[in-house]
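J.:
Residue numbers (our numbering): 122 to 306.
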């Protein structure tokens with residue numbers, strides 16, 4: 122039984138990452154909702170990892186406990202393959218898909234080291250997004266569309282990501298404007 126089947130009233134978040142002019146900004150909202158109720162408005166869903174001394178930023182949508190389990194596994198993969206974010210993400214996705222315990226975890230990750238940008242899913246996907254923009258969560262498609270529209274403006278990566286989240290928060294009832302931002306570059 123999936124998390125959505127067990128807790129049908131739990132809804133999402135919005136995480137958006139933008140890479141532009143040598144910088145990558147990852148922005149996430151802070152809302153946690155159960156049905157029509159906002160349980161928390163200041164959750165931190167974007168985090169900086171530094172397992173091997175290099176900076177890695179990760180944003181997650183989905184179950185928080187599941188995401189933290191995956192972040193711990195990602196850190197271990199990065200320690201085993203220092204400076205090889207792609208390899209660490211692929212190894213995590215393999216484990217996530219094939220391990221009996223991990224395959225039940227429900228989350229999506231956006232991961233970047235400033236050079237590479239990936240979306241990692243439990244279906245075994247490690248995707249390099251097009252147009253230097255990645256977005257996940259209930260408001261992800263709204264944020265993605267907004268960021269794509271803003272990419273040719275005279276705005277840096279952080280400003281685009283913040284504005285895209287703000288637009289998603291105006292549309293998606295499961296997203297708020299309490300932005301947590303991490304930037305590399």
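Built from N, CA and C at the ideal position, the CB exists for glycine as well. Remember, predicted model here, so these are calculated numbers, not experimental data.
In chain order, which continuous runs of the alpha helix (DSSP H) of length 4 or greater are located wholly inside the region 171–232?
T.: Counting whole runs of 4 or more residues, the region 171–232 contains the alpha helix (DSSP H) stretches 185–201 and 206–219.
J.: State the Cα-Cα distance for the pair residue 221 and residue 280, rounded to the nearest angstrom.
T.: Cα to Cα, the separation comes out at about 41 Å.
J.: What residue ranges within the region 255–287 form continuous beta strand (DSSP E) runs of no fewer than 3 residues, ordered along the chain?
T.: Here no run is fully enclosed.
J.: Who does residue 138 pair with in a DSSP beta bridge?
T.: Answer is 147 and 255.
J.: DSSP puts residue 304 in a beta bridge; with which residues?
T.: BP columns for residue 304 point to 146.
J.: What distance in whole Å lies between the Cβ atoms of residue 278 and residue 137, which are believed to be in contact at a cut-off of 8 Å?
T.: So it is not a contact: roughly 10 Å between Cβ atoms.
J.: Alpha carbon to alpha carbon, what distance is there between residue 282 and residue 152?
T.: Spanning the two alpha carbons is a distance of roughly 17 Å.
J.: Need the endpoints of the beta strand (DSSP E) that residue 166 sits in, please.
T.: Taken as a continuous stretch (DSSP letters only), residue 166 belongs to no beta strand (DSSP E), as it is neither H nor E.
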